[in-house]
Amino acid sequence: MRFYTLLAPAKINLYLEIIGDRPDGFHELVMILQSIDLADIIEISANGLDSIRLYCDHPSVPLDERNLIYKAAQLMCQTFPNAFANYGGVEINLEKNIPISAGLAGGSTDGAAVLVGLNLLWKLGLTRPELAELAAQLGSDVPFCLTGGTAIATGRGEKIDSLHDLVNIWVVLAKYESTEVATPWAYQRYRQMFQDLYVSDTSAIERRTLTVHSGRLVQAISQHDAEKIGLSMHNDLEKVVLPAYPKVEELRNLMTQAGGLGTMMSGSGPTVFTLCQSETEAQRISQKVRESISDPDLGIWISQFNSSGIQVI
Ligand code: C5P
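Note that the sequence shown covers residues 8 to 320 in the numbering used here.
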């Protein structure tokens, strides 16, 4: 039986700015996204039946339509009915290594992996732009997860411009396993608090987007200046998530004090990360955080910047 194994990396946000409302109800964003080598592993094969079957080693992962893996497989079955009729349904096994509901695009990267996997399994020969179009139908972060690396994401988050690859930068990630932040809540709360500052006309949106393209963080990335990257990070969603989750704010303060190049929350959280120059520094910071917070609910991971998206292994 033919099967494919895919590596699906997580992402962190180095930058997230909310510019305004969009006619589709989403927010107009400018983000800088970075993939890291913390990754899920997905095995996909044809089962010869007419169903999608998903298995996972993590008890909290839903195995039905609530999972982006399932939605991605459904989307492919609907879009390519002949291939579905020819090869039948799929069996997907997920090894979940990325923490869930964490602001690390764990679900989105799994969805992206299924698109790549079925493209190969069904010999569809879809190009990157064709896959990216399907990815955008699944979620705002899914197109980035396909290509990975370092990129500016605009629009809803689905328009991707790749930047200079960043290597040899380490990251310590920390998340209370039982704390989850619902992304729609975070954006809605932001709208309630800051809608007065939203920009709506097209030329003002373009100006704000261009400012980021020529800004301090993009400059730091092109110079591969890790120290300046650490100092230039920004995430608007911290303004609503941190006050609502004091434990996450406390964790962020503690990680800032522990050292490193810069500390921030990723996406809508609640994962907090610190950038580091070396693995030794990352281990020192991780140990310091562990010594200060003895709560067994706190998960800590050490990872490294990664320049690739979904990979077949
Ligand atoms: O696209 P995705 O399904 O990942 O988005 C999850 C939720 O986050 C959306 O339903 C929306 O509430 C919010 N969101 C937003 N603007 C964006 C991206 C996400 O308001 N650009």
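Using N, Cα and C, we set each Cβ at its ideal position, and we do this for glycine too.
CA-CA distance, residue 99 and residue 119?
-> Rounded to whole angstroms, residue 99 and residue 119 show a C-alpha spacing of 13 Å.
Where does the unbroken alpha helix (DSSP H) through residue 220 begin, and where does it stop?
-> For residue 220, the enclosing alpha helix (DSSP H) stretches over residues 209-220.
Proximity below 9 Å, CB of residue 310 to CB of residue 177 = Against a cut-off of 9 Å, the Cβ pair of residue 177 and residue 310 comes out as a contact.
CB residue 278 to CB residue 109, shorter than 9 Å?
-> Judged by beta-carbon spacing, residue 109 lies within the 9 Å limit of residue 278, meaning their Cβ atoms are closer than that value.
Beta-carbon contacts of residue 193 that lie in its chain and below 7 Å, excluding the five residues immediately before and after = Within the same chain, and ignoring the five residues on either side of residue 193 in sequence, the residues whose Cβ sits closer than 7 Å to its Cβ are 244, 247, 248 and 275.
Quick one: residues with CB closer than 6 Å to any heavy atom of the ligand C5P, in chain order, please.
-> Counting every residue whose Cβ lies closer than 6 Å to a heavy atom of the ligand C5P, we get 33, 34, 36, 146, 147, 148, 163, 164, 190, 191 and 194.
Express the C-alpha separation of residue 111 and residue 323 in angstroms, rounding to a whole number.
-> Past the boundaries of the shown model lies residue 323; the chain is included only from 8 to 320, so the question cannot be answered.
Determine the closest residue to residue 267 out of 237, 91, 117 and 254, with distance taken between C-alpha atoms.
-> Out of 237, 91, 117 and 254, 237 has the C-alpha closest to the C-alpha of residue 267.
Assumed close pair residue 103, residue 47 - CB separation to whole angstroms, cut-off 8 Å | About 6 Å separates the two Cβ atoms, so the contact holds.
Run through the segment 96-146 for me and flag every whole alpha helix (DSSP H) of 4 or more residues, listed as ranges in chain order.
-> Listed in chain order, they are 113-128 and 135-145.
Go to residue 50, then tell me how far its beta strand (DSSP E) extends in each direction, as first and last residue.
-> Per DSSP, the unbroken beta strand (DSSP E) holding residue 50 starts and ends at 34-53.
Just tell me which of 62, 30, 261 and 80 has its CA closest to the CA of residue 299.
-> Distance check between residue 299 and each of 62, 30, 261 and 80 places 261 closest, using alpha-carbon atoms only.
Residue 42 and residue 156 look like a contact to me (Cβ under 8 Å); what is the Cβ gap, rounded to whole Å?
-> Right, their Cβ atoms sit about 6 Å apart.
Taking the beta strand (DSSP E) that residue 17 falls in, what are its first and last residues?
-> Per DSSP, residue 17 belongs to the beta strand (DSSP E) from 10-28.
Can you check whether the CB of residue 123 is closer than 9 Å to the CB of residue 319?
-> Yes; because the gap between Cβ atoms is below 9 Å, this pair is in contact.
Residue 253 classed as buried or exposed, judged by whether at least 16 other C-beta atoms fall within 10 angstroms | Looking at its Cβ environment, which holds fewer than 16 other Cβ atoms inside 10 Å, residue 253 is exposed.
In this structure, does DSSP put residue 314 in helix, strand or coil?
-> Three-state DSSP puts residue 314 in coil, outside helix and strand.
Rounded to whole angstroms, what's the CA-CA distance from residue 151 to residue 160? Just pull it up for me.
-> Each residue's Cα considered, the two are about 8 Å apart.
With which residues is residue 169 paired in a DSSP beta bridge?
-> DSSP links residue 169 through a beta bridge to 158.
Give the DSSP-derived three-state secondary structure of residue 90 in the structure shown.
-> Note: residue 90 maps to helix in three-state DSSP.
Take the Cβ of residue 259 as the centre, count every other Cβ of all protein chains shown within 10 Å, and call the residue buried at 16 or more, exposed below.
-> Buried, because 16 or more other Cβ atoms sit within 10 Å of the Cβ of residue 259.
Residue of 57, 162 and 114 minimising C-alpha distance to residue 76 | Of 57, 162 and 114, the residue nearest in Cα terms is 114.
So residue 238 is in the alpha helix (DSSP H); what residue range does that whole segment cover?
-> Here the alpha helix (DSSP H) through residue 238 covers 233-239.
Under 6 Å Cβ to Cβ from residue 96, same chain only, skipping five residues before and after it: list those, please.
-> Exclusion of the five residues before and after residue 96 leaves 54, 56, 57, 58 and 59 as the residues of its chain whose Cβ lies within less than 6 Å of its Cβ.
Round the Cβ separation of residue 154 and residue 316 to the nearest angstrom and send it over; I've been treating them as touching at under 8 Å.
-> Right, their Cβ atoms sit about 4 Å apart.
What did DSSP end up calling residue 297 once you bin it into helix, strand or coil?
-> Collapsing the DSSP output to three states places residue 297 in a helix.
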